[in-house]
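A.B. asks:
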Amino acid sequence: MKTLSDRDIAFSLLNAMKLQAMALTNLILESSNNALRKETMSILNRVFDHQKQIFDFLSQKGWYPVEMAKQDDISKDQRDVQTIQNNVQMISM
């Protein structure tokens, strides 16, 4: 019988956090009840925190190597985020 390593368990937990984040995001987007939306957003933030902790653990162990982003890619992503923020502001008016 094969036993699970710490690495296997950590990756499984990371994937579970990703799935939870997607499911909670969909719940928030589809919910019309403000109390439910607020509580779900709070839970989603905790999932984000747990996901980051698991990612940091994997990274520290060398099990999840990360490639540094190029400055051009970072700049493009920043512009994209700004565009999204501008669009959200326009919709909110």
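FYI, the numbering for the sequence shown is 9 to 101, going by our numbering.
All C-beta atoms in this analysis are idealised placements derived from N, C-alpha and C, irrespective of residue type, glycine included.
By a C-beta neighbour count over all protein chains shown, 10 Å radius and 16 as the cutoff for buried, is Ile62 buried or exposed?
C.D. replies: Answer is buried; the Cβ neighbour count reaches 16.
A.B. asks: Taking only three categories from DSSP, how would you classify Ala77?
C.D. replies: Looking at Ala77 - three-state DSSP - the assignment turns out to be coil, as it is neither helix nor strand.
A.B. asks: Please classify Met30: is it buried, with 16 or more other beta-carbons within 10 angstroms of its beta-carbon, or exposed?
C.D. replies: The residue is exposed, with fewer than 16 neighbouring Cβ atoms inside 10 Å.
A.B. asks: Please go through the same chain and pick out, in chain order, the residues whose beta-carbon is closer than 7 Å to the beta-carbon of Asp88, but skip the five residues on each side of it.
C.D. replies: Here the set comprises nothing.
A.B. asks: For the alpha helix (DSSP H) that Lys60 lies in, which residues bound it at each end?
C.D. replies: Here the alpha helix (DSSP H) through Lys60 covers 42-68.
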